[in-house]
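Single-structure report; data block below.
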Amino acid sequence: MSEPSIFQPFSSNYMINLPVVDNLLKENQHLLRQEPLKNTVIVYVHHALQTSINVINSLLMLGAKPAFIYILGKSYSENKAVVQHLKALGVTYIDSSAQIGFGEYKRAFKSDINYLWMLVEKHLEDRISDILVLDHGGHAIQSIPQTVKNAYKIIGVEKTTAGTMGYTSENKPDIPIINVAGCAAKRLLESPLIADAVSSKVESIIKTISKEKICAVVGYGAIGKSVAGVLKSQGKQVLVCDKNSLISDNDSLEDIIEKSDYIFGCTGTDLTHNIVHSIVQTQGSKVFLSCSSEDKEFLSLLKEITNGKDFYQNKLFDDVLFNTKAGGQIVLVNGGFPVNFDDSGESVPARDIQLTRALIVGGVIDAIKMRQGNNDFQNNLFKLSADIQKTIVSSWSSERLSECEIPGLFKSIKLIEKESLGVMPMVSGIKAVPVGRSGLRKFG
Ligand SMILES: NC(=O)c1ccc[n+]([C@@H]2O[C@H](COP(=O)([O-])OP(=O)(O)OC[C@H]3O[C@@H](n4cnc5c(N)ncnc54)[C@H](O)[C@@H]3O)[C@@H](O)[C@H]2O)c1
1132 MSEPSIFQPF SSNYMINLPV VDNLLKENQH LLRQEPLKNT VIVYVHHALQ
1182 TSINVINSLL MLGAKPAFIY ILGKSYSENK AVVQHLKALG VTYIDSSAQI
1232 GFGEYKRAFK SDINYLWMLV EKHLEDRISD ILVLDHGGHA IQSIPQTVKN
1282 AYKIIGVEKT TAGTMGYTSE NKPDIPIINV AGCAAKRLLE SPLIADAVSS
1332 KVESIIKTIS KEKICAVVGY GAIGKSVAGV LKSQGKQVLV CDKNSLISDN
1382 DSLEDIIEKS DYIFGCTGTD LTHNIVHSIV QTQGSKVFLS CSSEDKEFLS
1432 LLKEITNGKD FYQNKLFDDV LFNTKAGGQI VLVNGGFPVN FDDSGESVPA
1482 RDIQLTRALI VGGVIDAIKM RQGNNDFQNN LFKLSADIQK TIVSSWSSER
1532 LSECEIPGLF KSIKLIEKES LGVMPMVSGI KAVPVGRSGL RKFG
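Right, dumping it as structure tokens:
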């Protein structure tokens, strides 16, 4: 049998070259020859951006069959050309369903997840040996039908922190999950990339803001700091608010919003939850821009100002305008969805985000090794292997040359393990050792 050709089992002139992913596959050539995913059903939840194609390509190189791959995107980030390319491979791509109204993104997404599992369940056949769930937010893993869990070995790979929240030593997941979200490489290196990308996407909007206008950045974490930096570098007046009062300007959130003309939401929560009634009484004009996820950043405000409005799915991402009774105007940019997903096929430049894409492939390789090495693996949240992280960070940093300082800890396997959340996988009968930091201290 001929060996799969390194690096592109399918021909696509749409696929970007990601040397870090290629290098990881090259390091694992012995696995490519074994085609370990040939009888595996793969459920993949993702942002349908161009570099996702490289992840699917990697799965195919590891032996996955398109007919056994089920993919679900997110309506607000989905790039149509990417979806078309993936569909052309013969995978089952679930189109995001229509929302039933404003602010109902999560409900639509969860119903798509249930539909996905219904399809998987219907098409499971004798030659399927196991299931791999590459999740983004935890919903796919939490919604696996019990009948499927009873009948198949399932391993999860979780890509977001939100998807790993809530697991503790008392409340373990009911399948083994490789914690890509909590790995040192993602935690320490990815958020500045995302923050830079989000702020560079909002730069064109920021340029249009005149100097006398006041901008508020709510949520002064990685993304908030970066957005505030761009605003300040362009000479804008900036107020900062965080629920952590140590890093906030003195005023309350309500006061800050009242004083501001532009509000950049960077919290990852519904920051308008308790203050919507004061916002809708505004006399001036206010523009709200989400830099986080889904439609959650201004969800209460979105629901309030669309109450009674006709809803059209094809206008979901249009700016929402609302005239207040006091003569003011509220603009919710992009219908409350993040401003950095603009159908360009990219949210973070491919050269940077290949770190994350390689870490996902690393999670798949860990899952394969876990399955091959130990048929009796536990249900727990496992660290992503430190050696895989080291390989990825080393080739990623050499790609970026001297553009950023890579923390020295990525030279030490022990330190990478220490900074990665989750438990160590069982190796040759040695019991899992809890090593980790704050979020998972309770494991053991
Ligand atoms: N748009 C994108 O492309 C993209 C990509 C990845 C992640 N995200 C999302 O963006 C959000 C922010 O990311 P980050 O890396 O900056 O997170 P972060 O945890 O570094 O920062 C969030 C900050 O918001 C503050 N905060 C939380 N709730 C608040 C509230 N109600 N009021 C005031 N402050 C509050 C927190 O104290 C924290 O300082 C996250 O939800 C993340 O999932 C967006």
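Each residue of the sequence shown is one higher than the last, beginning at 1132 in my numbering.
Built from N, CA and C at the ideal position, the CB exists for glycine as well.
Residue i classed as buried or exposed, judged by whether at least 16 other C-beta atoms fall within 10 angstroms
| i | result |
| --- | --- |
| TYR1201 | buried |
| ILE1608 | Residue 1608 falls outside the range modelled here, since the chain spans only 1132 to 1575, and no answer is possible. |
| GLN1485 | buried |
| ASN1375 | exposed |
| ASP1483 | buried |
| ASP1153 | buried |
| ASP1426 | buried |
| MET1132 | Reliability fails at MET1132, whose pLDDT of 37 lies under 50, so the model's placement of it is uncertain and the value that follows must be treated cautiously. Classification of MET1132: exposed, given that the 10 Å Cβ count is below 16. |
| GLN1277 | exposed |
| PRO1517 | Note that residue 1517 is Ala in the sequence shown, not Pro. Counting Cβ neighbours within 10 Å, ALA1517 comes out buried, since at least 16 surround it. |
| THR1339 | exposed |
| ASP1474 | exposed |
| LEU1452 | exposed |
| GLU1252 | exposed |
| ALA1219 | exposed |
| ILE1520 | The amino acid at residue 1520 is misidentified as Ile; the sequence shows Gln. Buried, since its Cβ has 16 or more Cβ neighbours within 10 Å. |
| ILE1231 | exposed |
| MET1501 | buried |
Residues near residue i by beta carbon distance below 7 Å, same chain, minus five either side
| i | result |
| --- | --- |
| ARG1572 | Any reading at ARG1572 is ruled out, since the residue's pLDDT is 28, under 50, leaving its predicted position unreliable. |
| LEU1515 | ILE1309, ASN1310, VAL1311, CYS1314, LEU1490, GLY1493, GLY1494, ASP1497, SER1551 |
| LYS1237 | GLU1425 |
| LYS1390 | ILE1345, LEU1370 |
| ASN1170 | ARG1258, ILE1259, SER1260 |
| ASN1159 | ILE1496 |
| VAL1151 | GLN1485, LEU1486, ALA1489, ILE1523, SER1526, TRP1527, GLU1530 |
Contact set for residue i: own chain, Cβ-Cβ below 6 Å, skip 5 residues either direction
| i | result |
| --- | --- |
| GLU1321 | THR1487 |
| TYR1145 | HIS1216 |
| VAL1329 | ILE1354, CYS1422, ASN1471 |
| CYS1346 | LEU1362, LYS1367, VAL1369, TYR1393 |
| THR1103 | Outside the modelled stretch of the chain, which goes from 1132 to 1575, sits residue 1103, for which no answer is possible. |
| VAL1174 | TYR1201, VAL1264, ALA1271 |
Identified DSSP bridge partners for residue i
| i | result |
| --- | --- |
| PHE1395 | VAL1348, LEU1420 |
| LYS1514 | ASN1310 |
| ASP1261 | THR1171, LYS1284 |
| VAL1371 | VAL1348 |
| TYR1201 | VAL1174, THR1223 |
| GLN1412 | GLN1412 is not bridged to any residue. |
| LEU1463 | PHE1419, VAL1451 |
| GLU1158 | Partner(s): none; GLU1158 has no beta bridge. |
| ASP1266 | GLU1289 |
Spatial neighbours of residue i in its chain, beta-carbon cut-off 8 Å, leaving aside the 5 residues before and after
| i | result |
| --- | --- |
| LEU1402 | VAL1349, GLY1350, LEU1384, GLY1396, GLU1428, PHE1429 |
| ASP1243 | LEU1203, ILE1225, SER1227, SER1228 |
| ASP1450 | VAL1462, LEU1463, VAL1464, ASN1465, GLY1466 |
| SER1331 | VAL1361 |
| ILE1499 | LEU1162, PRO1167, LEU1168, LEU1193 |
| VAL1279 | TRP1248, VAL1251, GLU1252, LEU1255, ILE1262, ILE1285 |
Residue i beta carbon near ligand 1 (any heavy atom closer than 6 Å)
| i | result |
| --- | --- |
| CYS1397 | yes |
| LYS1374 | yes |
| VAL1329 | yes |
| SER1478 | yes |
| SER1529 | no |
| PRO1304 | no |
| VAL1349 | yes |
| ALA1179 | no |
| ALA1353 | yes |
| ASN1438 | no |
| PRO1167 | no |
| SER1322 | yes |
| SER1183 | no |
| ASN1210 | no |
| ASN1148 | no |
| ASN1471 | yes |
| ILE1336 | no |
| SER1423 | yes |
| ILE1496 | no |
| ILE1325 | yes |
Neighbour flag for residue i against chain D, beta carbons, 7 Å
| i | result |
| --- | --- |
| ILE1345 | Protein chains in the displayed structure number just one, and chain D is not present. |
Any non-hydrogen atom of ligand 3 closer than 6 Å to residue i Cβ
| i | result |
| --- | --- |
| LEU1402 | By its list of ligands, the structure shown excludes ligand 3, since it contains just ligand 1. |
Legend entry - Validate contact between the segment 1257-1276 and the segment 1507-1515 using beta carbons, cut 8 Å, 3 pairs: no
Legend entry - Stretch-stretch touch, CB-based, cutoff 8 Å, three pairs: the segment 1391-1400 with the segment 1410-1421: Below 8 Å, enough C-beta pairs join the segment 1391-1400 and the segment 1410-1421 to call them touching: three or more.
Legend entry - the segment 1358-1366 / the segment 1487-1498 touching (three or more Cβ pairs under 8 Å): no
Inset, instruction - Report yes or no: do three or more beta-carbon pairs, one from the segment 1226-1244 and one from the segment 1195-1214, lie closer than 8 Å? - result: These segments touch.
Inset, instruction - Please confirm if the segment 1293-1302 is in contact with the segment 1436-1448, defined as three or more CB-CB distances below 8 Å between the two stretches. - result: no
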